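Everything on this sheet refers to the single structure shown next.
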Amino acid sequence: MSAAYPSRNVSPAQVAERLRSEKRVLAVSHEAPDGDALGCLSAFLLMCERLGIPGEGFIPGESGIPPEYLFLPRVKDVLRGDPPALPASTTVYFLDCSSLLRSNAHKFPEDVVRVNIDHHGDNPGYGEYNLVDPAAASTTAILYEIFKAGDFPIDDEVATGLYVGLVTDTGRFQYSNTTPEAHRLAAELQECGVDVAWVYRQVYESTPLPKLLLLERALRHLEVRLGGALAVSWLSNDDFVQAGADEGHAEGLIDTLRRINGVRVAVLVRERKTESGVQTKVSLRSTDGSLNVAELAHKRGGGGHIRAAGFTSDDEVGSVLAWIESEVGAAL
Ligand code: AMP
Ligand code: MN
Ligand code: MN
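Have a look at this one:
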């Protein structure tokens, strides 16, 4: 949290008002970006273009962007690595970022104004302006509220970014966050010009072969534990090399683990090479909501939603899995 400004909660109309008068923006989302993160960046930056506001996108780290989202305008040219230098009067918009650390927000200058737009219940409100709505199915659903409140032009390209966040974060309108509002929003976005079948082809039927080869490796390592309630798998650095895959190809693979009959918690641990050695990145899913996986992730410095959460660790795969098994075993 910056010492330079007080922190307060704002409405969609207040964010729209502020956005309208921006000189320049940087849109930031979380590392290992998903469809909501990238849908947000695309829709937000396109809307800024429509409003005549110059801006760029930034995602911390170097891990590959999941290729299924590269069709979204503005996604290919997002900045990576460490936060870029900010030209004067740039406001930073954090989109779908539950924590400061995960978006490298702590690395931005103290005096920069941060607007925090998100739907994670564990978002601590790290912005000077915070619009956090855990009832929203996706962060793109909140962006839609902002755009409507400002009477901004939602054309087919903007609507497509918003729809991608919605369709992916709701598990194609089947997870428990699929509210009547989520369905209504889908209908409204379709009326704005989203070609639903075309988006489906881009996101779910354009899978590069290395991603399927990575899934094959994850399935080879698949185990069910705790009498079938816990599904675990892992991907080593070597698995990525052998599959010809990078980290972006791992996005969504955990969805296959959670499908298994009787599984209540699914875990995928993947190795990631960093400057300081090998790290593990852990994805957690609760299928029936009986275990709050965000609480589990918090114990290891991560976060997320009740049914979808994650953390990173310096421990190796085996010890991370043993810890999870004992925690889940005690809780279920
Ligand atoms: P993932 O398993 O990476 O698809 O993430 C599942 C959910 O948990 C998403 O909502 C993420 O934003 C959140 N999440 C994952 N890793 C972390 C982390 N290290 N810290 C905070 N939230 C996380
Ligand atoms: Mn996300
Ligand atoms: Mn999200």
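Per the numbering used here, residue 61 is the first one in the sequence shown, and the count goes up by one each step. Ideal Cβ placement from N, Cα and C applies to all residues, glycine included. All of these numbers come straight from a predicted model, not from anything done at the bench.
In the three-state reduction of the DSSP assignment, Lys136 falls in the coil class, being assigned neither a helical nor a strand state.
Excluding its 5 nearest sequence neighbours in each direction, Gly115 has C-beta neighbours in its own chain below 7 Å: Arg84, Val85, Leu86, Ala87, Leu105, Cys108, listed in chain order.
For Thr220, the closest of Gly312, Thr340, Tyr129, Ser346 by C-alpha to C-alpha distance is Tyr129. Fully contained in the stretch 137-167 are the following beta strand (DSSP E) runs of length 3 or more, in chain order: 139-141, 150-155. Nearest to Leu274 by alpha-carbon distance, out of Glu331, Pro72, Asn183, Gly349, is Glu331. The beta carbon of Ala196 lies closer than 7 Å to those of His179, Ile202 in the same chain, with the five residues before and after it left out. Taken from the Cβ of Gly287, every heavy atom of ligand 1 lies 6 Å or farther away. Bounds of the beta strand (DSSP E) holding Ala326 are 325-334.
In chain order, the residues that have a beta carbon nearer than 5 Å to some heavy atom of ligand 1 are Ser158, Ser159, Arg162, Ser343, Gly362, Gly363, Gly364, Ala368, Ala369, Gly370, Phe371. When C-alpha distances from Glu283 are compared across Asn352, Ser266, Thr316, Ala257, the shortest belongs to Thr316. Here Ala326 is buried, its C-beta having at least 16 other C-beta atoms within 10 Å. At least one heavy atom of ligand 2 falls within 6 Å of the beta-carbon of Ala97. Thr340 sits close to Val377, with the two beta carbons spaced by under 7 Å. Bounds of the beta strand (DSSP E) holding Asp178 are 173-178. Judged by DSSP secondary structure, Val388 falls outside any beta strand (DSSP E) and instead within the alpha helix (DSSP H) spanning 377-391. DSSP assignment within the stretch 267-354 yields the following whole beta strand (DSSP E) runs of 3 residues or more, N-terminal first: 283-285, 290-295, 325-334, 337-346.
Taking non-hydrogen atoms of ligand 2 into account, the C-beta of Asp94 is found less than 6 Å away from one of them.
Looking at the backbone, the Cα of Val263 and that of Gln250 are separated by about 16 Å.
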